[in-house]
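Colleague:
In this note's numbering, the protein residues as written are 43 to 393.
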């Protein structure tokens, strides 16, 4: 998650926190943060149908729509009621939690638009007797320290590692010599998650034995295909004698942009291995009749983020089975050869 996404004005934050502390039982005598919103921890009676709220920061985005879709599948399987809501800015978060509580929700799963609202979210969940889990973005305090709240998220660095090792494995499979190969690493270090991903890709590649000296960073000004293309153009101009190219970046668009740049330089697709992250935009290339330099993408597992969190919350409420404090997902590599099978297994469209 980027620093921009975490930014909230001091007045807004303090105002929300003050509102929470004004509630009965939310002063110095309330329970500590280690509970993760476990007030009302007695398992629900067998005849009751639990209600679970699932609040996300960008309800219009396909990723969050998929999370809701899979959470609904968990609800249908286990027999609980799912309450979905979008909170697109910090000021909407607490009212949406209040609304869910008024509907009888005993569990709250949230991806907040500002993770520094963590203390206010935790206090409100405890006040309303709701068990709390964060998904995707981990809740932090005002100083940026992670709160002790149950969390299922994406390990950006591990995903990057997966990109790096997969690039090296495919390079070896093609019989390329390391000394004749370069890596275009499309970077966006201003964004925390992007930096974790690209640093992870470099770590994974170097860990397999790839020379650091042949890694060429290409800072992108925008996080889209044109941004990736423009960044890669600089590297390709500076290193015209590199025979084979590996490409990594923060997402599919960054890598696809760099692949488009190699095409403009008349570099054959067989001499390019690009692996993106997200597994969405990359499908455009993977479905083309003729292979491009985009070899694959690390597909993020929306099913685990939706279905698993909802089912874990249900079992916590219904049976008192507390989930692991921290669970990370790291994605799966999709290529032209396996994307249809993997998408089908993940319950995703596009197969």
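In this text, a Cβ means the ideal position worked out from N, Cα and C, and glycines have one as well.
All of these numbers come straight from a predicted model, not from anything done at the bench.
(1) Between the region 332–344 and the region 372–386, do at least 3 Cβ pairs fall closer than 8 Å?
(2) In the region 113–168, which residue ranges form an unbroken alpha helix (DSSP H) of at least 4 residues, counting only runs that do not cross its ends?
(3) If you measure between the beta carbons of residue 345 and residue 96, is that distance less than 8 Å?
(4) Quick one: using the 10 Å Cβ neighbour count with 16 as the cut-off for buried, is residue 326 buried or exposed?
(5) Enumerated in chain order, which unbroken segments of the beta strand (DSSP E) with a length of 3 residues or greater are wholly contained in the region 277–314?
(6) Tell me the DSSP bridge mates of residue 175?
(7) State whether the region 262–273 contacts the region 204–213, with contact taken as three or more CB pairs (one from each stretch) at a distance under 8 Å.
(8) Please go through the same chain and pick out, in chain order, the residues whose beta-carbon is closer than 7 Å to the beta-carbon of residue 392, but skip the five residues on each side of it.
(9) Thinking C-alpha only, which one of 261, 320, 243, 365 is nearest residue 290?
(10) Measure the alpha-carbon distance for residue 351 versus residue 281 and round it to whole angstroms.
(11) Based on the DSSP secondary-structure assignment, which residues constitute the bridge partners of residue 320?
(12) Run through the region 232–285 for me and flag every whole alpha helix (DSSP H) of 4 or more residues, listed as ranges in chain order.
(13) Say whether the region 174–185 touches the region 139–158, bearing in mind that this needs 3 or more beta-carbon pairs closer than 8 Å, one atom from each stretch.
(14) Which residues in the same chain as residue 300 place their Cβ atom closer than 6 Å to its Cβ, once the five residues preceding and following it in sequence are excluded?
(15) Excluding the 5 residues flanking residue 323 on each side, which residues of the same chain have their C-beta closer than 7 Å to its C-beta?
(16) Looking at residue 110 and residue 130, is the spacing between their C-beta atoms short of 8 Å?
(17) Taking just the CA atoms, how far does residue 308 sit from residue 317?
(18) Determine, using beta carbons only, whether residue 24 and residue 364 come nearer to each other than 8 Å.
(19) Note the first and the last residue of the continuous beta strand (DSSP E) segment covering residue 93.
(20) Along the chain, where does the alpha helix (DSSP H) that runs through residue 207 open and close?
(21) Given residue 147, which residues of its chain have a CB within under 7 Å of its CB, disregarding the five upstream and five downstream residues?
(22) Just verifying my parser: in three-state terms, what is the DSSP assignment at residue 224?
(23) Grab the span of the alpha helix (DSSP H) containing residue 384 for me, first residue to last.
(24) Which whole-angstrom value describes the C-beta separation of residue 151 and residue 355, a residue pair presumed to lie in contact below a C-beta threshold of 8 Å?
Modeller: In this structure, then:
(1) yes
(2) 132–144
(3) no
(4) exposed
(5) 286–290
(6) 151, 192
(7) no
(8) 325, 385
(9) 243
(10) 46 Å
(11) 341
(12) 234–249, 267–280
(13) yes
(14) 226, 228, 270, 274, 289
(15) 294, 295, 298
(16) no
(17) 19 Å
(18) No answer is possible for residue 24: the residues shown for the chain start at 43 and end at 393.
(19) 93–98
(20) 198–215
(21) 93, 94, 95, 125, 172
(22) strand
(23) 381–387
(24) 6 Å
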